[in-house]
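Data first, discussion second: the structure below is written as structure tokens.
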Amino acid sequence: MARRIDVAGTGGVRLAAWEFADPPKPGAEPGAPGVLLLHGLMGRASHWASTARWLAERRRAVALDQRGHGRSDKLPQAAYTRDAYVEDAEAALEQLGLAPAVLIGHAMGALTAWQLAAKRPDLVCGLIICDMRASALGSASQREWADWFRSWPVPFATLADVRKWFGEDDPWVERPQPARGAFYAEVMQESADGWRPVFEPEQMLATRESWVYDAHWEELAQVECPALVVRGLDGELGRAEAQEMVRVLPRGEYAEVADAGHLVHYDQPVAWRLAVEPFLEAVPAG
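Residue numbers (my numbering): -17 to 268.
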């Protein structure tokens, strides 16, 4: 059963952190660094449940619902900036007693992870970047996302409708993707008129706006710890850009997962584990 731990984020935002397995007993794995797992935009900590459970066999693993997501606060007056997300992750590492830790981030969570690693190398001893681009995406990308949110047929009558729309009917889906449907079903909650997302789309757009216009290569170059860049072969991060990210990272490594799209860890959990476990085993304690 998942155990919730409250974390005080920056600006008074209350964050929900989660352990999905009993942590290792003291002394069971001496020297193994803890892990903080950061989901992507619109995600939630539970998307990391499978990863967190196998990590917990040997080390403490905690997944964070970032501000505006999951069970964390969604205050309309809160900041949804890069600095706020990075400071929240920093606060989580310190309050949970995980540091120096390995940060594992997917998409937006990966950007938060490498920005924190650049800012506070004392808190981070290893970094895994899952399917996140370092290049600027631009204003056209932001407009496409705004149009996409408006296309959602909310409220959904049932969770089965959620799974079908995001897995098959969404115009962004080129072929049926059951894992994508299940992924989005996890971020829906039942309301009086049907199923709606647990997040506010306006907050998601504001969050995304804080990074899409800028490139993030400089922060990659400032990451001192060992870092692994992982991409799905059919994901959003292309091979050439991923390999350039590895080149820019001072201690970068590369891995890719076949038959996986953007949701690498969720879509192909076994292959994901095989891709990242050798790296994790080699990361020294800080």
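We treat Cβ as the ideally placed atom computed from N, Cα and C, and that holds for glycine.
If you ignore the 5 residues before and after Tyr62, its C-beta comes within less than 8 Å of the C-beta of Arg49, Gly50, Gln185, Ala188, Thr189, Ser192, all in its own chain and listed in chain order.
The residue among Gly(-9), Ser28, Val84 with its C-alpha nearest the C-alpha of Asp65 is Gly(-9).
Closest option to Asp249, judged by alpha-carbon separation, among Leu19, Met(-17), Gly(-6), Trp30: Trp30. Listed in chain order, the non-local C-beta contacts of Glu223 below 8 Å within the same chain comprise Arg115, Ala116, Ser117, local neighbours out to five positions each way being set aside. Rounded to the nearest angstrom, the gap between the Cα atoms of Val180 and Met170 is 5 Å. Secondary structure note for Trp36: its alpha helix (DSSP H) is the uninterrupted segment 31 to 37. Per DSSP, the unbroken alpha helix (DSSP H) holding Ala74 starts and ends at 64 to 78.
Per DSSP, Gly163 is one residue of the alpha helix (DSSP H) stretching across 160 to 167. CA-to-CA, the gap between Thr140 and Gly176 works out to about 7 Å.
Residue burial annotation: Trp154 is exposed, with fewer than 16 other C-beta atoms found within 10 angstroms of its C-beta.
Inclusion of Ile111 and Leu210 in the CB contact set at 8 Å is warranted, their separation being smaller than that value. Under the rule that a run must span 3 or more residues, the beta strand (DSSP E) segments found entirely inside the stretch 149 to 237 read 170 to 173, 176 to 179, 209 to 214.
Note on Ala(-2): 16 or more other CB atoms within 10 angstroms of its CB, so buried under the neighbour-count rule.
DSSP places Asp143 inside the alpha helix (DSSP H), whose first and last residues are 141 to 146.
Of the candidates Thr33, Pro15, Arg(-15), Thr33 places its Cα closest to the Cα of Ala257. Inter-residue distance for Glu168 and Ala142 is about 12 Å (C-alpha atoms, whole angstroms). Here the C-alpha atom of Gly79 lies approximately 42 Å from the C-alpha atom of Glu150. Beta-bridge partners assigned by DSSP to Ala27: none are found. Per the Cβ contact rule, the stretch 192 to 205 is in contact with the stretch 96 to 108 (3 or more Cβ pairs under 8 Å). Counting C-beta atoms within 10 angstroms of its own C-beta, Glu69 has 16 or more neighbours from the protein chains shown and is therefore classed as buried. DSSP, read as helix, strand or coil, puts Val(-11) in strand.
Residues Leu18, Ala81, Ala83, Leu105 of the same chain have their beta carbon placed closer than 7 Å to that of Leu75, with the five preceding and five following residues left out of the count. Taking the CA atoms as reference points, Ala242 sits about 6 Å from Leu215.
Following the DSSP letters along the chain, one finds Ala92 inside the alpha helix (DSSP H) bounded by residues 90 to 101. Buried is the label assigned to Arg145, since at least 16 other Cβ atoms lie within 10 Å of its Cβ.
Residue range 17 to 20 is occupied by the beta strand (DSSP E) that includes Leu20. Judged by beta-carbon spacing, Arg229 lies beyond the 8 Å limit of Asp113, meaning their Cβ atoms are not closer than that value.
In this structure, the straight-line span from the alpha carbon of Phe148 to that of Ser28 is close to 18 Å.
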